[in-house]
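Participant: The sequence shown runs 87 to 1006 under the numbering used here. Sharing a structure here in structure tokens format.
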Amino acid sequence: AALSEWEEISEVDENYTPIHTYQVCNVMEQNQNNWLQTIWISNEGARRIFIELKFTLRDCNSLPGGLGTCKETFNVYYFESDDEDGRNIRENQYSKIDTIAADESFTELDLGDRVMKLNTEVRDVGPLSKKGFYLAFQDVGACIALVSVRVYYKKCQSILHSLALFQDTITGADSSSLVEVPGTCVNNSAKDDTPKMYCSADGEWLVPIGRCICKEGYEEQKNVCQVCKPGFFKASPYSPSCSKCPPYSYTHKEGSVSCRCVESYFRRDNDPPVMACTRPPSAPQNVISNINKTSVILDWSPPIDTGGRKDIKYIIVCKRCSVDLFQCEECGSGVRYIPQRSGLKNTSVMVMDLLAHTNYTFEIEAVNGVSEMSPTPRQFVSVNVTTNQCLFWIKERKFKCVFIALNWQEPDRPNGIILEYEIKYFEKDQETSYTIIKSRETQITADGLKPTTVYIFQIRARTAAGYGDYSLKFEFETSPVSLPAGDQSQVPIIGVSVAVGLILLAVLTGLLLSGRRCGYSKAKQDPEEEKMHFHNGHIKLPGIRTYIDPHTYEDPSQAVHEFAKEIDASCIAIERVIGAGEFGEVCSGRLKLAGKREFPVAIKTLKVGYTEKQRRDFLGEASIMGQFDHPNIIHLEGVVTKSKPVMIVTEYMENGSLDTFLKKNDGHFTVIQLVGILRGIASGMRYLSDMGYVHRDLAARNILVNSNLVSKVSDFGLSRVLEDDPEAAYTTRGGKIPIRWTAPEAIAYRKFTSASDVWSYGIVMWEVMSYGERPYWDMTNQDVIKAVEEGYRLPSPMDCPAALYQLMLDCWQKERNSRPKFEEIVSILDKLIRNPCSLKTLVNSSTRMTNLLVEHNTTGLNAFQSVGEWLESLKMGRYTDNFNECGYTSLDIVAKLSLEFIIIMYTYTQGDQKVLMSII
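Set out below in structure tokens:
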């Protein structure tokens, strides 16, 4: 050290321990300026250093004669330098750190008692920018002894945290700074999120962020990554620990990231490593065939062994065979499969467009995700069928059914292009029980007829103008066909050529009334369904509020103002666009009405440049909606018509359309929640039905759902496009209709009623229980129409309660009068909700014979005295002799009739077979 008037003195402290000090005590002289400088000190990279001074200072009052010049403080300075030779540093180059004063000073008396009153002061310096520095101490006239000078910096000590090592880190340049320090993953670990911590100014680690995780094949134990033992594996760093190999797999080495499948078991690339190895399924079982002319419905049960997988699908292989079934070849592309030939998820399929009177073998194979990986042969179940199979045995008697081939000529001058022919036939004197066949060709074959029976045939044609009158009645008698054993001769076919003279009439529908309002028809509701009364030009139903068609107003604006409240546009704040409608954008926003709190709303806007017709159609929906007030009907807040844009304001439904909402939340709801959604829809439809309104377009896409899972019926526009799919384009006034949701009579005759809405509700039920799956999948509209006419109905969705699927089937009754009313549907759903145990029984595909809709007879066998009486109640009394001849003479025996017998009975008539199936 360089010093001036400072003396280096060695002495002992009060404990007689030697100490080394620098002292100065020139208190009698004026203008003292004594400097003591340290050697060059390296800061070792620190930008902030601390100086701890220990010193003693004598009280000036204890120094005689020195009061005028004595001081009780000294100054501390520093000078930064990269040069270790600091001999030429001038005093004015130093930077002052502080003036140091003593907390305690000593007197002469203390010296006598050898009591050292040691002072300790700490000061910090920063930020430093050079490699080192010098310290200097300036005495200005004090009596002081500098006992020790300790110079240091602070750092955060090395630490291991979350498998990351954080090295020694020097603190920051000032007292508030935090130094970010990245960690290094150690011990077979890897970064999850980059590990880092912050070193505080006090040398403490703060705010740990990120972490390291053990690599594949290692698990964390006591902050160390341990290797997985044989028989255990860890496939992902994110797995918490090593897992035991899943079933049917193994590993014999340490640090395994996966386990190998045992022989005959497999794992797909996209199967998670924790999943058990699986194998192909066994063959399906209990296959049943149901023949209808040149179509076959196949129904089967899932395989007993699924191979441990849930992704079971089915493949149908059709083979056309010789009479002895020894030679078969694949059917080719001319055969249609509904819904499809391969990739089937349901256990039923309809095969169409087969050849008549031909032997077929159908092989049904169950496959799963690993079937292609297995070298084992295909496992399938097969069934042999013969189209138009009329040969069967009952009690060793052989019968052959007969059929009539009918052909005719097209009328000379039809009223337009003939779209199709309708052929009606029935047994003579049984005109109330008849069968209808529709054909686009001028020929048909009516099979399944009774032998030695007279049948009456009539034909009429349909053009765009409607149906014409039926032709004259043509009478034919079938031949006897009871044959001795071994007789294989062909039954004669009755070929008939009929010239049909048809007069086609255009049918004028609707009721015109004079007056300002032109009248009201209950959306083509049948007048016999409810008694109607006219009141002020509108039909009124007794005891309830009745819907009024806004299109009956001469001025549609009057209807809008009568049923919808006008809202000032200034009360509406549009926030964002949430969709696009036919007439313009659909937005969400907020509505603030006087005296009410602001609340969210949905806003439909009418695009700029609209025509007057578009404006009328746009506001027509508001005129309809404004008449409804029900918790399950979308609520109209009002309209904006006096300013632009023209708007319809409704309540806001947070979860949007039901079909999209279900697809997003596939499998996330309980059955009770789904039934609750269905109950809300049914309740809304009951209200509309009571109001006399027929929706015509009930579908999951037109149901909205709010945040409380309350479902509300919406979309009351009279002219709209439902989807981008041109097949689904819909215009209610004589245009296209949504085939997949529409009842058969509405498709064929435009006969929309509450009963046709019930049919649509059944489809909505199917959509809900299948979480928004498309009805009839990728079938074309024509395929849907044909399949439904032939008796096909959608199969039960997966894990659907039997009670709900039965209600769907009830809604899909062909006869509209047999369908339940919405009031009954609400009652049924209420009972199911009150009794959740009734929803535990699921549809068992192994007991389903067919997806054909069957008619239900609610009267049990116990209510009848004889087989004949029971058959008469089914309007099948003509089969009493057949039952007696076959030995079915008592109701006890009838109750035990087998499924095979029902299939045999199917060859009598299609309708009778359905009735029998519903009973047995």
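Backbone N, C-alpha and C fix where the C-beta goes; we use that ideal spot for every residue, glycine too. From a predicted model like this one, the values you see are computed outputs, not experimental measurements.
Assuming residue 231 contacts residue 107 (C-beta within less than 8 Å), just tell me the rounded distance between them.
Facilitator: As a first step, residue 231 must be located in the sequence shown, where it is residue number 145. As a first step, residue 107 must be located in the sequence shown, where it is residue number 21. Yes, residue 231 and residue 107 are in contact; Cβ-Cβ is about 5 Å, under 8 Å.
Participant: Could you tell me which of 453, 841, 664 sits nearest to residue 779, measuring between CA atoms?
Facilitator: Here residue 779 is taken as the residue at index 693 of the sequence shown, counted from 1. Selected option, being the one with the closest Cα: 841.
Participant: Can you check which of these residues, 856, 728, 876, 324, is closest to residue 753 by C-alpha distance?
Facilitator: Numbered from 1 along the sequence shown, position 667 holds the residue referred to as residue 753. Answer by Cα proximity: 856.
Participant: Which residue's Cα is closest to the Cα of residue 522: 174, 545, 203?
Facilitator: The residue given as residue 522 occupies position 436 in the sequence shown. Of 174, 545, 203, the residue nearest in Cα terms is 545.
Participant: Assign residue 381 to buried or exposed, taking buried as 16 or more other Cβ atoms, counted over all protein chains shown, within 10 Å of its Cβ.
Facilitator: As a working mapping, residue 381 is identified with position 295 in the sequence shown. So residue 381 ends up on the buried side.
Participant: Can you give me the Cβ contacts of residue 64 inside the same chain, cut-off strictly under 7 Å, excluding the 5 residues immediately before and after it?
Facilitator: No statement about residue 64 is possible, as the shown extent of the chain runs from 87 to 1006 and does not include it.
Participant: Identify whether residue 179 lies in helix, strand or coil by the three-state DSSP scheme.
Facilitator: Locating residue 179 in the sequence shown gives position 93, where the first residue counts as 1. Helix, per DSSP.
Participant: Let me check one thing: in DSSP terms, what residues is residue 738 bridge-paired to?
Facilitator: Walking along the sequence shown from the start, residue 738 turns up at place 652. Residue 738 pairs with nothing; no bridge assigned.
Participant: Output the residue ranges of the beta strand (DSSP E) runs that lie fully inside the segment 218-259 and measure 3 residues or longer, sorted by chain position.
Facilitator: Listed in chain order, the complete beta strand (DSSP E) runs (minimum 3 residues) inside the segment 218-259 are 218-225, 230-238, 245-247, 250-252.
Participant: Check whether the Cβ atoms of residue 160 and residue 225 lie closer than 7 Å to each other.
Facilitator: Numbered from its first residue, the sequence shown carries residue 160 at position 74. Numbered from its first residue, the sequence shown carries residue 225 at position 139. Their beta carbons are under 7 Å apart, which means residue 160 touches residue 225 by this criterion.
Participant: Looking at the secondary structure, which residues open and close the alpha helix (DSSP H) in which residue 385 lies?
Facilitator: For this step, residue 385 is matched to residue 299 along the sequence shown. Looking at the DSSP string, residue 385 is not in any alpha helix (DSSP H); the run it does join, the beta strand (DSSP E), is 381-387.
Participant: Confirm, please, whether the CB-CB distance from residue 766 to residue 797 is below 7 Å.
Facilitator: Mapped onto the sequence shown, residue 797 falls at position 711. Mapped onto the sequence shown, residue 766 falls at position 680. For residue 797 and residue 766, yes; Cβs fall inside 7 Å.
Participant: Give me the Cα-Cα distance between residue 262 and residue 243, rounded to the nearest whole angstrom.
Facilitator: Position 176 of the sequence shown, counted from the first residue, corresponds to residue 262. Position 157 of the sequence shown, counted from the first residue, corresponds to residue 243. Those two C-alpha atoms are separated by around 19 Å.
Participant: When you compare each of 687, 656, 745 to residue 662 by their alpha carbons, which one comes out closest?
Facilitator: Taking the sequence shown and counting its residues from 1, the one referred to as residue 662 is at position 576. Checked all of 687, 656, 745; the closest Cα to residue 662 is 687.
Participant: Identify, in the order they occur along the chain, each residue of the same chain with its Cβ nearer than 8 Å to the Cβ of residue 672, setting aside the five sequence neighbours on each side.
Facilitator: Walking along the sequence shown from the start, residue 672 turns up at place 586. Closer than 8 Å at Cβ, skipping near neighbours: 663, 664, 665, 666, 688, 689, 690, 691.
Participant: With burial defined as no fewer than 16 other Cβ atoms inside 10 Å of the residue's Cβ, what is the status of residue 503: buried or exposed?
Facilitator: Position 417 of the sequence shown, counted from the start, is the residue given in the question as residue 503. By the neighbour-count rule (16 or more Cβ atoms within 10 Å), residue 503 is not buried but exposed.
Participant: Give the DSSP bridge partners of residue 276, in chain order.
Facilitator: Position 190 of the sequence shown, counted from the first residue, corresponds to residue 276. Residue 276 is bridged to 299.
Participant: With H, G and I counted as helix, E and B as strand and the rest as coil, what does DSSP make of residue 863?
Facilitator: Within the sequence shown, numbered from 1, the residue matching residue 863 stands at position 777. DSSP places residue 863 in coil when its eight states are reduced to three.
Participant: Can you have a look at residue 338 and say buried or exposed, based on whether 16 or more other CB atoms are within 10 angstroms of its CB?
Facilitator: Counting from 1 along the sequence shown, the entry for residue 338 is found at position 252. Answer is exposed; the Cβ neighbour count stays below 16.
Participant: Which same chain residues end up closer than 7 Å to residue 701 when comparing Cβ atoms and leaving out the 5 residues on each side of it in sequence?
Facilitator: As a working mapping, residue 701 is identified with position 615 in the sequence shown. Closer than 7 Å at the Cβ level, and outside the excluded window around residue 701, lie 692, 732.
Participant: Can you give me the C-alpha to C-alpha distance between residue 143 and residue 229, rounded to a whole angstrom?
Facilitator: Mapped onto the sequence shown, residue 143 falls at position 57. Mapped onto the sequence shown, residue 229 falls at position 143. Cα to Cα, the separation comes out at about 6 Å.
Participant: Rounding to the nearest angstrom, what Cα-Cα distance links residue 292 and residue 166 in this structure?
Facilitator: For this step, residue 292 is matched to residue 206 along the sequence shown. For this step, residue 166 is matched to residue 80 along the sequence shown. Straight-line Cα distance between these residues: approximately 31 Å.
Participant: Helix, strand or coil, according to DSSP, for residue 157 in the structure here?
Facilitator: On the sequence shown, position 71 is the one that residue 157 refers to. Three-state DSSP puts residue 157 in a strand.
Participant: Using only the alpha-carbon positions, how far apart do residue 833 and residue 823 sit?
Facilitator: Your numbering for residue 833 matches position 747 in the sequence shown. Your numbering for residue 823 matches position 737 in the sequence shown. So the alpha carbons of these two residues sit roughly 7 Å apart.
Participant: From residue 1009 to residue 371, what distance separates their C-alpha atoms?
Facilitator: Only positions 87 to 1006 of the chain appear in the structure, and residue 1009 is not among them; the question remains open.
Participant: Just tell me which of 428, 467, 496 has its CA closest to the CA of residue 549.
Facilitator: On the sequence shown, position 463 is the one that residue 549 refers to. When each option's Cα is compared against that of residue 549, the closest is 496.
Participant: Would the segment 298-306 count as touching the segment 277-288 if we require 3 or more Cβ pairs under 8 Å?
Facilitator: Taking 8 Å as the limit for Cβ pairs, the verdict is that the segment 277-288 does touch the segment 298-306.
Participant: Can you say whether residue 451 is buried or exposed, counting buried as having 16 or more other CB atoms within 10 angstroms of its CB?
Facilitator: Counting from 1 along the sequence shown, the entry for residue 451 is found at position 365. Burial call: buried.
Participant: So residue 706 is in the beta strand (DSSP E); what residue range does that whole segment cover?
Facilitator: By one-based count along the sequence shown, residue 706 stands at place 620. No beta strand (DSSP E) holds residue 706; the alpha helix (DSSP H) holding it covers 698-711.
Participant: If you drop the 5 nearest sequence neighbours on each side, which residues of the same chain put their C-beta closer than 7 Å to that of residue 612?
Facilitator: Within the sequence shown, numbered from 1, the residue matching residue 612 stands at position 526. Unreliable placement is indicated for residue 612, whose pLDDT of 35 sits below 50; no coordinate value is reported for it.
Participant: For residue 104, collect the residues of the same chain with a Cβ closer than 6 Å to its Cβ; drop the 5 residues on either side in sequence, then sort them by chain order.
Facilitator: Walking along the sequence shown from the start, residue 104 turns up at place 18. So the list reads 98, once near-sequence residues are dropped.
Participant: Whole angstroms is fine: what's the gap from residue 945's alpha carbon to residue 956's?
Facilitator: For the purposes of this step, residue 945 is identified with residue 859 of the sequence shown, where counting begins at 1. For the purposes of this step, residue 956 is identified with residue 870 of the sequence shown, where counting begins at 1. Its pLDDT being 40, under 50, residue 945 is placed unreliably by the model, and nothing is read from it.
Participant: Restricting to Cα atoms, I'd like to know which of 114, 149, 873, 238 is closest to residue 127.
Facilitator: Position 41 of the sequence shown, counted from the start, is the residue given in the question as residue 127. Nearest option by C-alpha distance: 238.
Participant: From residue 216 to residue 171, what does the alpha carbon distance come to, in whole angstroms?
Facilitator: Residue 216 sits at position 130 when you count from the first residue of the sequence shown. Residue 171 sits at position 85 when you count from the first residue of the sequence shown. For residue 216 and residue 171, the distance between alpha carbons rounds to 14 Å.
Participant: Counting only the same chain and skipping the five closest in sequence on each side, list residues whose C-beta sits under 8 Å from that of residue 885.
Facilitator: On the sequence shown, position 799 is the one that residue 885 refers to. Counting only Cβ-Cβ distances below 8 Å, and skipping sequence neighbours, we find 928.
Participant: When the Cα atoms are used, what is the spatial distance from residue 95 to residue 309?
Facilitator: The residue given as residue 95 occupies position 9 in the sequence shown. The residue given as residue 309 occupies position 223 in the sequence shown. Going by the C-alpha atoms only, they are around 54 Å apart.
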